[in-house]
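Participant: For reference, the structure I am asking about is given below.
Residue numbers (the numbering used here): 194 to 563.
Following this line, the structure appears as structure tokens:
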């Protein structure tokens, strides 16, 4: 049996429903190889701890698929695989307990992704949460750090989008097979990641696996595992993002969180993490300073001097709008009221500020400093 043959059976075996990382390793221990496990008797499968349902799933899979048909289907879908046998398997993920034996990938992973930061949070993100996620992801991208998230609505979407728009890299970890994008509203975002070659979609689930709720804790475990630092941007006390924080702590990752309003339900989880000892994030340099002791050589992402030099060349109207953006993100109408001028004039000034890299749109007609 060649190494390539064994690797192929690793991929094939990982597509069996009910065979997760722990059972996969147990099958290797009992049967000696993935190919032997694929061909194992019921007695051997029972000895490896597989339940009747999982054995039945595996036997059905044997009847309807093969190594050739599996890899033909993956190629048709544009999906590649990484196994623990491969040198290119993500080193940070390899470190965790019971890492996924096989990863399904669309796009590409690079050495740069070994220094990555996860940014996660609620699907119900407020304008504050989305703006903070975008601002931090922008800064991380400018510093050459890969942003990892889960392609969900809210915080995840804001982080992925800002990373792409900033010319950075982003990894989206899914809780389903890569033959589909969930939620469907993020198909365009997923396409941008792939078409612009700015990252990858990753899953431990084979094509055809639906986005069932039970899959998302496993997805969150991989998000934490791929990252050196995990940042919780905005989350209530029941948010799945807190599961990611728990996995991060188990894996020895640094957990950081963004302080939020004590009046907001959607900041209750992040504020609770602060009380438990998580490190507060108030700017991107807080994250970069945590990465540096972990071995990353990363420049500061904050450009206050460059901002000052460029802002000195603004027109009086542009300078007024720039000054008004010093703080929370603001809607165009709010800026118009604050500055006592027309919304059209404000929009024109914001367009000029964007062109000069001094402002960014973080929501519908909502802007913040770049």
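A virtual CB, placed ideally from N, CA and C, is assigned to each residue, including glycine.
Thinking just about the alpha-carbon of each residue, which of 416, 349, 242 and 335 is nearest to the one in residue 283?
Facilitator: By one-based count along the chain shown, residue 283 stands at place 90. Cα-wise, what sits closest to residue 283 is 416.
Participant: Give me the Cα-Cα distance between residue 458 and residue 424, rounded to the nearest whole angstrom.
Facilitator: As a position in the chain shown, residue 458 is number 265, starting the count at 1. As a position in the chain shown, residue 424 is number 231, starting the count at 1. For residue 458 and residue 424, the distance between alpha carbons rounds to 18 Å.
Participant: Among the residues of its own chain, which have a CB less than 7 Å from the CB of residue 320, if the five just before and after it don't count?
Facilitator: On the chain shown, position 127 is the one that residue 320 refers to. If we look at residue 320 and ignore the five residues flanking it on each side, its Cβ neighbours are 522, 556 and 559.
Participant: Helix, strand or coil: which one does DSSP assign to residue 354?
Facilitator: Counting from 1 along the chain shown, the entry for residue 354 is found at position 161. Of the three classes helix, strand and coil, the one that applies to residue 354 here is helix, per DSSP.
Participant: What did DSSP end up calling residue 255 once you bin it into helix, strand or coil?
Facilitator: Position 62 of the chain shown holds residue 255. Helix at residue 255.
Participant: Just to confirm, are residue 465 and residue 430 a CB contact at a threshold of 8 Å?
Facilitator: The count along the chain shown starts at 1 and reaches residue 465 at position 272. The count along the chain shown starts at 1 and reaches residue 430 at position 237. In contact: residue 465 and residue 430 (Cβ atoms closer than 8 Å).
Participant: With which residues is residue 393 paired in a DSSP beta bridge?
Facilitator: As a working mapping, residue 393 is identified with position 200 in the chain shown. Residue 393 pairs with 300 and 364.
Participant: Could you tell me whether the Cβ of residue 238 comes closer than 8 Å to any Cβ of chain C?
Facilitator: In the structure shown, chain C cannot be found, because there is only a single protein chain.
Participant: Mind reading off the beta-carbon distance from residue 315 to residue 428? Whole number of angstroms is fine, and I expect it under 8 Å.
Facilitator: For the purposes of this step, residue 315 is taken as residue 122 along the chain shown, with counting starting at 1. For the purposes of this step, residue 428 is taken as residue 235 along the chain shown, with counting starting at 1. About 5 Å separates the two Cβ atoms, so the contact holds.
Participant: Please confirm whether residue 372 and residue 313 have their CB atoms less than 8 Å apart.
Facilitator: As a first step, residue 372 is located in the chain shown; it is residue number 179 there, counting from the start. As a first step, residue 313 is located in the chain shown; it is residue number 120 there, counting from the start. For residue 372 and residue 313, no; Cβs fall outside 8 Å.
Participant: Compare the beta carbon distance of residue 318 and residue 347 with 8 Å and say whether it is the shorter of the two.
Facilitator: Numbered from its first residue, the chain shown carries residue 318 at position 125. Numbered from its first residue, the chain shown carries residue 347 at position 154. Cβ atoms of residue 318 and residue 347: closer than 8 Å.
Participant: Which ranges does the alpha helix (DSSP H) cover as unbroken runs of at least 4 residues, wholly within the segment 196-258, from first to last along the chain?
Facilitator: With a minimum length of 4 residues, the continuous alpha helix (DSSP H) runs that stay inside the segment 196-258 are 196-207, 214-224, 227-231, 235-240 and 245-257.
Participant: Can you tell me whether residue 274 is helix, strand or coil according to DSSP?
Facilitator: Residue 274 sits at position 81 when you count from the first residue of the chain shown. In this structure, residue 274 counts as strand in the three-state DSSP scheme.
Participant: If I'm right that residue 331 touches residue 355 with Cβ under 8 Å, what's the distance once you round it to whole angstroms?
Facilitator: Within the chain shown, numbered from 1, the residue matching residue 331 stands at position 138. Within the chain shown, numbered from 1, the residue matching residue 355 stands at position 162. Indeed they touch by this definition, with Cβ atoms about 5 Å apart.
Participant: Express the C-alpha separation of residue 363 and residue 199 in angstroms, rounding to a whole number.
Facilitator: What you label residue 199 is simply residue 6 of the chain shown in a count that begins at 1. What you label residue 363 is simply residue 170 of the chain shown in a count that begins at 1. In a straight line, the C-alpha of residue 199 is about 31 Å away from that of residue 363.
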